[in-house]
Amino acid sequence: METSLPILSLSAAALAGAAAAFPKIQARLALSRAKHRSLTGHSKMSKMVARMVPHYEFDIDAFFCSDGAPKDVAMQRQDGFFRLAGLYQDRYPKGRALTAEVTERISDLQFTETYRVPFQYSRLVREHLGTSAFVQASSGVTVTDVDGNVSYDLTGSYGVNIFGNDFYKECIAEGEKRAQALGPVLGPYHPIIADNVKRLCELSGLDEVSFHMSGTEAVMQAVRLARYHTKRTHLVRFAGSYHGWWGEVQPGVGNPVSPHETYTLADMSEKTLHVLRTRKDIACVLVNPLQALHPNSNAPGDSALVDSSRSSKYDRAAYTEWLKRLREVCTERGIVLIFDEVFVGFRLAAGGAQEYFGVKADMATYGKSLAGGLPIGVVCGRKDLMRRFRDDRPADICFARGTFNSHPYVMTAMDEFLSRLASPNFRSIYNGLDETWNGRAKALNDRLTAAGLPVRVGNISSIWTVYYTEPSRYNWMLQYYLRAEGLALSWVGTGRLIFTLNYTDADFAEVADRFVAASEKMKRDGWWWHKDGLTNKNIKRQILKEMVAVRLGR
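Letter by letter, the sequence shown follows residues 75 to 628 in my numbering.
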C-alpha cells in the first residue's frame, strides 16, 4: 500500500494536468481549423515556402515554349512579342529613357518594374517591354504621358480617384486658396476642421474623429485604441486582406518579422465565428470590404499569374449576411469591429461600406479620396473607443500623433470634397451605381464570350479584376496588349482595373472596344494555345518540377 500512494499521486497529478491542458488544446485546434487552407491563411508556412523558391529565368529559347508549345506556336509568340517591343520602343522613347534613368535611385520603381510578371519571365520583359512610369497631364478619364500618348485611365490612382481627376484638381485648387492665408502652420487647427468633423461623424454614423497622415496610420491607431480599451492583445484579420504594410496586419511574405498577436482566419467561415465566440484574447476584427470581390485570396497582381486559377466570387447578398453575423458575434463578445474603408470608402456609397452593406462598425478608417486628392488617414469611432486616456489613471494613456496630422491644405481640400459630396445633385451619382457597373461588366463579358476569348471580368461596382477561363502560363502578357491599345494600367496589370465614376457610356464603350481588340491580338499571337487536357494543376506541377531541377542543379 505504501508504494502505491506515490504512484496514485503522480497519476492524479497527470490527470489534473491533462484536464487543465485540454481546453487550451481544444482552443488551439479550433484556431487551426478556422484558418484558410491556402497559404494566405498560414503566414508562417507562406514565408517558409517563399524562402524555398529558387530564382531561375527562361532564356529566349525557353521563354516562348515554357508550356510545351510546338515550334510554330513558339515562333508565333516570339513574333508577337517583338512586334509589341517595337511598338513600345517607338511610342515611349522619352518615358522609357527617363524611367531607366531614375530606377537606379528609386527603390519603389526597382520593385514594381521587377514584379510586373512572374519572375521566370521578368528579365526579358524588362529588356523589351519596358514601360514609362511618367505621365504629365490628365483630362476627363484620360492621362497623357511624357511622349504625348493619351490613354484611358484604369489605374484609379490606387483607389484615390473616385470621381475623376478634374474633380480632385478643383478640390485641391479651391482648398489651396482657402488655406493660403494660414499656410503650413502645424499644431493649431484651421477653422474649417469643425465642418469636416461634423460631416465625417454624419457620414460614418460614429461619434468622434482623429486625423492621421495615411490610411496605414489610421488602421494602426484604430487597432491600438481597440487593444487599449478592451485590454486584450490580439487582432483578427482575414486571409488575403490588405490593411497597409505595417507589421501586425501583414504577417506573411513581405514582413521580415512575424507578429505574435495576430490571428489570420478564413473569411465567410462558421469556424471563424466559433473562434470569435470562444476566445478571450481578441480585441478587434479588421474587415476590408474589398475582399468581397475575392474572399480569402490576396490582392490580385500579374506577378502571381502563373496559371488561370485567379477568380472573382463577389456575392453581395452572401457577403452582407456574413458581415451581419460578424457584427452579432462581435457585439456579443465585446470585440471591436473595424471597417477598413481606406480603399472603398465613398466609392460604393456616400456613407461607405457601412451604408452599402447595411452593417454598423464600431470604428471605420478612411484615406485616399477623402482629402480631395491629398494624403490623409482618418479614424471614426464610438466615443468610448476613441478616448486616449483614463480619467481614473492619469498616467495610463494611448498615445498617437503625427507632424502633418490636420495639415491646413489637407483640411481645406477635404472640406471641398465633403461639401460636394453633401450636395443632392452630386449624390445622384450613386443612383443605380451597381446596376450601371454590373451592366457594363456583363456587356464586356458577353462580347468576350461571343468572340471565343478565354478572359472575363469580375467586379464590385467600379472596381474590377480580370480572370481567365482556360489554363495558361502566359495570361500576364495581356497587360502589355492592353497598354498597346491605349489603356493605362497600374503596375499590378490586369489584377485591378479601377474606373472613375465619371466614365460615360461612350467612354466605357471605347474601353471595351480596346479591351476586346487587345484580347483578340493576344489570341492571334498564340499566347493562349495549350495542350489538350492541360489543367491549372498540371501547370503548377510543371513549375514545381522546374524549381526542384534548379535546386538539384540540373
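Built from N, CA and C at the ideal position, the CB exists for glycine as well.
What first and last residue would you give for the beta strand (DSSP E) that runs through residue i?
{"i": "Asn533", "result": "529-534"}
{"i": "Trp601", "result": "Neither: Trp601 is in no beta strand (DSSP E) and is coded neither H nor E."}
{"i": "Asp414", "result": "410-414"}
{"i": "Gly451", "result": "451-455"}
{"i": "Arg59", "result": "With the chain covering 75 to 628 only, the question about residue 59 has no answer from this structure."}
{"i": "Val359", "result": "356-361"}
Could you please give the first and the last residue of the uninterrupted alpha helix (DSSP H) stretch that includes residue i?
{"i": "Pro167", "result": "167-177"}
{"i": "Leu228", "result": "Taken as a continuous stretch (DSSP letters only), Leu228 belongs to no alpha helix (DSSP H), as it is neither H nor E."}
{"i": "Cys404", "result": "390-407"}
{"i": "Thr290", "result": "289-304"}
{"i": "Val199", "result": "196-202"}
{"i": "Trp538", "result": "No alpha helix (DSSP H) holds Trp538; the beta strand (DSSP E) holding it covers 537-542."}
{"i": "Ala373", "result": "Segment: none, Ala373 is in no alpha helix (DSSP H) and carries neither H nor E."}
{"i": "Leu350", "result": "344-352"}
{"i": "Phe491", "result": "482-496"}
{"i": "Asp508", "result": "507-524"}
{"i": "Asp182", "result": "181-188"}
{"i": "Arg384", "result": "No alpha helix (DSSP H) contains Arg384, which DSSP labels as neither H nor E."}
{"i": "Tyr263", "result": "Premise fails: Tyr263 is in no alpha helix (DSSP H) and is neither H nor E."}
{"i": "Gly326", "result": "Where Gly326 is concerned, there is no enclosing alpha helix (DSSP H), given that its DSSP letter is neither H nor E."}
{"i": "Ser120", "result": "117-126"}
Buried or exposed, going by whether 16 or more other CB atoms sit within 10 Å of the CB of residue i?
{"i": "Met122", "result": "exposed"}
{"i": "Ala247", "result": "exposed"}
{"i": "His334", "result": "exposed"}
{"i": "Lys457", "result": "exposed"}
{"i": "Ser593", "result": "buried"}
{"i": "Arg615", "result": "exposed"}
{"i": "Phe431", "result": "buried"}
{"i": "Asp466", "result": "exposed"}
{"i": "Met460", "result": "buried"}
{"i": "Ala300", "result": "buried"}
{"i": "Phe473", "result": "exposed"}
{"i": "Met126", "result": "exposed"}
{"i": "Lys98", "result": "exposed"}
{"i": "Gln210", "result": "exposed"}
{"i": "Arg401", "result": "buried"}
{"i": "Ser502", "result": "exposed"}
{"i": "Met119", "result": "exposed"}
{"i": "Arg306", "result": "buried"}
{"i": "Tyr130", "result": "exposed"}
{"i": "Ala148", "result": "buried"}
{"i": "Asn239", "result": "buried"}
{"i": "Ala366", "result": "buried"}
{"i": "Met75", "result": "Residue placement at Met75 is poorly supported in this model, since its pLDDT is 45, which falls under 50; the coordinates still yield a value, given next. The residue in question, Met75, is exposed, as its Cβ has fewer than 16 Cβ neighbours within 10 Å."}
If you check the beta carbons only, do residue i and residue j fall under 8 Å apart?
{"i": "Pro449", "j": "Phe413", "result": "no"}
{"i": "Ala108", "j": "Thr346", "result": "yes"}
{"i": "Arg165", "j": "Leu492", "result": "no"}
{"i": "Leu507", "j": "Ser535", "result": "yes"}
{"i": "Met549", "j": "Val531", "result": "Contrary to the premise, residue 549 reads as Asn rather than Met in this sequence. Not a contact, by the Cβ cut-off of 8 Å."}
{"i": "His368", "j": "Ser383", "result": "no"}
{"i": "Val293", "j": "Thr439", "result": "yes"}
{"i": "Leu183", "j": "Val191", "result": "no"}
{"i": "Val297", "j": "Leu309", "result": "yes"}
{"i": "Gly600", "j": "Arg157", "result": "no"}
{"i": "Met437", "j": "Val410", "result": "yes"}
{"i": "Phe589", "j": "Leu563", "result": "no"}
{"i": "Ala340", "j": "His110", "result": "yes"}
{"i": "Ala591", "j": "Leu161", "result": "no"}
{"i": "Met596", "j": "Leu626", "result": "no"}
{"i": "Ser443", "j": "Val585", "result": "no"}
{"i": "Gly446", "j": "Ala487", "result": "yes"}
What does DSSP give as the partner residue(s) for residue i in the beta ladder?
{"i": "Leu444", "result": "Paired residues: none, contrary to the question."}
{"i": "Ser278", "result": "Partner(s): none; Ser278 has no beta bridge."}
{"i": "Thr336", "result": "Leu309"}
{"i": "Leu563", "result": "For Leu563, which the question treats as bridged, DSSP gives no partner whatsoever."}
{"i": "Phe241", "result": "DSSP output for Phe241 lists no bridge partner at all."}
{"i": "Phe132", "result": "DSSP lists no partner for Phe132."}
{"i": "His286", "result": "Gly451"}
{"i": "Asp219", "result": "Val209"}
{"i": "Leu571", "result": "Trp538"}
{"i": "Arg439", "result": "The amino acid at residue 439 is misidentified as Arg; the sequence shows Thr. Answer by DSSP bridge pairing, in chain order: Asp414, Val453."}
{"i": "Phe463", "result": "Ile471"}
Taking 7 Å as the cut-off, is the C-beta of residue i nearer than that to any heavy atom in the ligand GDP?
{"i": "Ala292", "result": "Looking at this structure, you won't find the ligand GDP or any other ligand, since it has none at all."}
Inset, instruction - Inspect the CB distances between the stretch 421-436 and the stretch 372-385 and report whether three or more fall short of 8 Å. - result: Result no; under three Cβ-Cβ pairs closer than 8 Å.
Inset, instruction - Could you tell me whether the stretch 481-489 touches the stretch 313-325, where touching means 3 or more Cβ pairs closer than 8 Å? - result: No, the stretch 481-489 does not touch the stretch 313-325.
Inset, instruction - Could you say if the stretch 597-611 and the stretch 537-553 meet the contact criterion of at least three C-beta pairs nearer than 8 Å? - result: The stretch 597-611 vs the stretch 537-553: in contact.
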